[in-house]
């Protein structure tokens, strides 16, 4: 009996669309700051404008500007916050401890 040869398979195309380079939102990924901002706060503006819109919070806690990230950088920044030894992780812990 002859052996059947397999047909070459076509590369599978991803079903999701690639991220748009025209992302128009930012997210605060830092610790909750009582009375000012909460973790995961979505700001429908590019990073620079989002930071400017946080006016009084930035005045009282200038270090929170570091935790406002553009949408396209969100996943990478979240990994850095959870990775001990990274600058974002260290700054996150320091700011969180200052709230206790």
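In my numbering, the protein residues as written are 246 to 345. Every residue gets a Cβ at the ideal spot worked out from N, C-alpha and C, and that includes glycine.
Among the options, which has the Cα closest to the Cα of residue i?
{"i": "residue 315", "options": "285, 305, 278, 277", "result": "285"}
{"i": "residue 337", "options": "288, 278, 269, 291", "result": "278"}
For the beta strand (DSSP E) that contains residue i, what are its first and last residues?
{"i": "residue 273", "result": "271-273"}
{"i": "residue 315", "result": "313-315"}
Taking the alpha helix (DSSP H) that residue i belongs to, which residues open and close that run?
{"i": "residue 303", "result": "300-305"}
{"i": "residue 334", "result": "332-343"}
{"i": "residue 321", "result": "319-327"}
Can you round the beta-carbon distance between residue i and residue j to whole angstroms, since I take them to be within the 8 Å contact cut?
{"i": "residue 340", "j": "residue 280", "result": "Going by Cβ atoms, the distance from residue 340 to residue 280 rounds to 15 Å, so no, they are not a contact pair."}
{"i": "residue 282", "j": "residue 309", "result": "7 Å"}
{"i": "residue 290", "j": "residue 320", "result": "Their Cβ separation, rounded to whole angstroms, is 19 Å, which puts residue 290 and residue 320 out of contact at 8 Å."}
Excluding sequence positions up to five away, which residues of its chain have a Cβ less than 6 Å from the Cβ of residue i?
{"i": "residue 296", "result": "310, 313"}
In chain order, what residues of the same chain lie with their CB nearer than 7 Å to the CB of residue i, ignoring the 5 residues before and after it?
{"i": "residue 306", "result": "278, 281"}
{"i": "residue 322", "result": "274, 314, 333"}
Might you give, ordered along the chain, the residues of its own chain that have their beta carbon closer than 8 Å to the beta carbon of residue i, omitting 5 neighbours on each side?
{"i": "residue 342", "result": "none"}
Is the stretch 317-334 close to the stretch 299-307, with three or more CB pairs under 8 Å?
-> The stretch 317-334 vs the stretch 299-307: no contact.
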